[in-house]
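Asks: Residue numbers (numbering that gives the first Met the number 0): 0 to 327. All residues carry an ideal CB built from backbone N, CA and C; glycine is no exception. Since the model is a prediction, treat every value here as computed from it, not as a measurement.
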Amino acid sequence: MPFEVLKLASRRLDRGCRIASCILVLAGFSPALPTGAVAQEPDGLAEIVVTAREPRFVAPTLRDRIGRIWAPVFINGKGPFKLVLDTGASHSGVTEMVASTLRIPLDQSPPVVMHGVTGTGTVPSIQVATLNVGELDLASEMLPILPDAFGGAQGILGSEGLADKRIFIDFRRDRILITYSRGERSERGFLVVPFHSVRGALIVIDVTIGGIRTKAIIDTGGQVTIGNLALKAELLRSSVHGGEQIDAIEGATLDVEEGVLAPVPPISIGNMVIRDPRVTFADMAIFKQWKLTHEPALIIGMDVIGLLDALVIDYRRHELQILTADSL
0 MPFEVLKLAS RRLDRGCRIA SCILVLAGFS PALPTGAVAQ EPDGLAEIVV
50 TAREPRFVAP TLRDRIGRIW APVFINGKGP FKLVLDTGAS HSGVTEMVAS
100 TLRIPLDQSP PVVMHGVTGT GTVPSIQVAT LNVGELDLAS EMLPILPDAF
150 GGAQGILGSE GLADKRIFID FRRDRILITY SRGERSERGF LVVPFHSVRG
200 ALIVIDVTIG GIRTKAIIDT GGQVTIGNLA LKAELLRSSV HGGEQIDAIE
250 GATLDVEEGV LAPVPPISIG NMVIRDPRVT FADMAIFKQW KLTHEPALII
300 GMDVIGLLDA LVIDYRRHEL QILTADSL
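See the structure below:
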């Protein structure tokens with residue numbers, strides 16, 4: 000019986016500095032310049048001095064960089080390995096380099112079927128005795144071997160074992176904590192957004208785009224935000240969609256899917272509004288896998304998630320707890 004991995008990390012090709020146009024606001028918030036940046040002088044080039052160290056695990060989305068969330072994971076007691084936290088994946092996986100470090104041959108376990116954003120592929124797998132990070136402790140895991148498509152990471156940390164966990168992601172302090180959820184309410188200043196789970200794993204919230212109610216999947220493993228064709232059709236009917244350009248997305252299976260990148264109306268998530276977003280619309284394989292082709296749907300990637308100051312994912316409470324700069 001094939002082993003399925005639902006949705007792995009994706010990345011967009013040749014995106015330039017498009018992220019700068021996506022601004023997250025809450026009650027009139029005006030974002031400050033990123034740390035280390037200096038405003039451009041009208042009559043000359045400003046000097047930019049970077050003094051901050053490179054983040055080890057959690058990095059925000061900036062003008063020239065999409066944010067990331069890496070978890071320090073121990074496998075068979077070795078590591079830590081940097082695995083991308085991927086809330087869109089049903090299962091963890093590692094690169095061939097990790098298997099080599101663990102000295103596990105690739106011919107001892109059966110191949111598995113992997114479903115990525117853009118396609119499906121068959122990959123080798125390895126069996127490991129333990130996988131640990133924070134208070135997440137898994138035993139006897141089968142890990143598919145993934146193509147090295149994660150920007151320096153050594154695989155992905157999927158959603159298995161997270162049903163009773165709480166993940167705290169601090170983009171300002173380069174910190175990720177995975178603990179048991181003890182049912183605690185959000186701290187003061189956090190926006191609470193309820194979510195429900197699909198297939199026992201996917202984090203799905205309700206958002207509106209130009210007045211159109213849309214199902215949105217929170218995908219910390221995907222770099223960019225992707226809309227299905229049903230959402231595009233609704234936006235066209237509302238005459239709030241245009242300015243398209245050809246775009247391409249490469250999935251974890253290394254299949255490339257062409258779509259169109261276009262500006263869309265503000266995305267409202269509870270009391271939070273994402274201004275001036277751009278979304279790539281395409282008939283992605285993953286929408287078919289998730290049975291989300293006939294209603295407006297959106298995959299929210301790290302180009303948006305990385306604009307937050309902090310994010311708590313409480314699987315037990317089925318809540319996102321969101322902190323933005325104006326909440327401080």
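(1) Could you say which of 308, 207 and 214 lies nearest to residue 321 if we only look at CA atoms?
(2) Smallest Cα separation from residue 68: which of 289, 174 and 299?
(3) Which partner residues does residue 226 have in the DSSP bridge list?
(4) Where residue 121 and residue 91 are concerned, what is the direct C-alpha to C-alpha distance, given to the nearest angstrom?
(5) Using a Cβ-Cβ cutoff of less than 6 Å, which residues in the same chain neighbour residue 42 once the five nearest sequence positions on both sides are dropped?
(6) Roughly how many angstroms lie between the CA atoms of residue 297 and residue 237, to the nearest whole one?
(7) Starting from the C-beta of residue 317, find all residues in its chain whose C-beta is less than 8 Å away, skip the five residues before and the five after it, and write them out in chain order.
(8) If you draw a straight line from the C-alpha of residue 26 to the C-alpha of residue 176, how long is it?
(9) At a cut of 8 Å, does the segment 154–161 reach the segment 74–94 through at least three beta carbon pairs?
(10) For residue 267, which of helix, strand or coil comes out of DSSP?
(11) Mapping DSSP to helix, strand and coil, what is residue 318?
(12) Helix, strand or coil for residue 25? Go by DSSP, reduced to three states.
(13) Once DSSP output is grouped into helix, strand and coil, what is the label at residue 119?
(14) For residue 288, does the three-state DSSP call read helix, strand or coil?
(15) Please check the pair residue 260 and residue 279, which I expect to be a contact at CB under 8 Å, by giving their CB distance rounded to whole angstroms.
(16) Please report the distance separating the alpha-carbon of residue 95 from that of residue 228.
(17) Look at the alpha carbon of residue 204 and the alpha carbon of residue 138, and state the distance between them as a whole number of angstroms.
(18) Going along the chain, which residues of its own chain have a beta-carbon closer than 6 Å to the beta-carbon of residue 36, five neighbours each way excluded?
(19) Please work out which residues of its chain come closer than 7 Å, Cβ to Cβ, to residue 98, disregarding the five sequence neighbours upstream and downstream, and give them in chain order.
(20) According to DSSP, simplified to helix, strand and coil, what is residue 101?
(21) Identify the continuous beta strand (DSSP E) that holds residue 70 and give its terminal residues.
(22) Applying the criterion that 16 or more other CB atoms from any shown protein chain within 10 Å of the CB defines a buried residue, is residue 294 buried or exposed?
(23) Alpha carbons only, please: which of 270, 264, 313 and 226 is nearest the one belonging to residue 287?
(24) Keeping to the same chain, check which residues put their C-beta closer than 7 Å to that of residue 268; ignore five residues upstream and five downstream.
(25) Does DSSP put residue 308 in a helix, in a strand, or in coil?
(26) Can you check whether the CB of residue 234 is closer than 8 Å to the CB of residue 266?
(27) Can you say whether residue 183 is buried or exposed, counting buried as having 16 or more other CB atoms within 10 angstroms of its CB?
(28) Between residue 151 and the rest of its own chain, which residues show a CB-CB distance below 8 Å, the 5 nearest in sequence each way excluded?
(29) According to the Cβ coordinates, are residue 73 and residue 132 closer than 8 Å?
(30) Buried or exposed, going by whether 16 or more other CB atoms sit within 10 Å of the CB of residue 314?
(31) Please report the distance separating the alpha-carbon of residue 130 from that of residue 292.
(32) Tell me the rounded alpha-carbon separation between residue 217 and residue 100.
(33) Does DSSP put residue 161 in a helix, in a strand, or in coil?
(34) Look at the Cβ atom of residue 169, then the Cβ atom of residue 93, and state whether they are nearer than 8 Å.
Replies: Concretely, from the data shown:
(1) Nearest C-alpha to residue 321: 308.
(2) 174
(3) Residue 226 pairs with 280 and 297.
(4) 15 Å
(5) In this prediction, residue 42 has a pLDDT of 39, which is less than 50 and means its spatial position is unreliable; nothing more can be read from the coordinates.
(6) Cα to Cα, residue 297 sits roughly 17 Å from residue 237.
(7) The residues 193, 194, 195 and 196, in chain order, have a CB closer than 8 Å to that of residue 317 in the same chain once the five nearest residues on each side in sequence are set aside.
(8) Confidence at residue 26 is low in this model, with a pLDDT of 39, below 50, so the placement of that residue is unreliable and no value is reported for it.
(9) yes
(10) strand
(11) strand
(12) For residue 25, the predicted structure reports a pLDDT of 48, less than 50, and the residue's modelled location is therefore unreliable. The matter cannot be settled from this model.
(13) strand
(14) helix
(15) 5 Å
(16) 35 Å
(17) About 31 Å.
(18) With a pLDDT of 41 at residue 36, under the threshold of 50, the modelled position of that residue is not reliable, and no figure is offered here.
(19) 105, 125 and 144
(20) helix
(21) 67–74
(22) exposed
(23) The shortest C-alpha to C-alpha distance from residue 287 to any of 270, 264, 313 and 226 is the one to 226.
(24) 192, 204 and 206
(25) coil
(26) no
(27) Classification of residue 183: exposed, given that the 10 Å Cβ count is below 16.
(28) 81
(29) yes
(30) Burial is judged here by how many other beta carbons sit within 10 angstroms of a residue's own beta carbon; residue 314 has at least 16 and is buried.
(31) 35 Å
(32) 32 Å
(33) coil
(34) no
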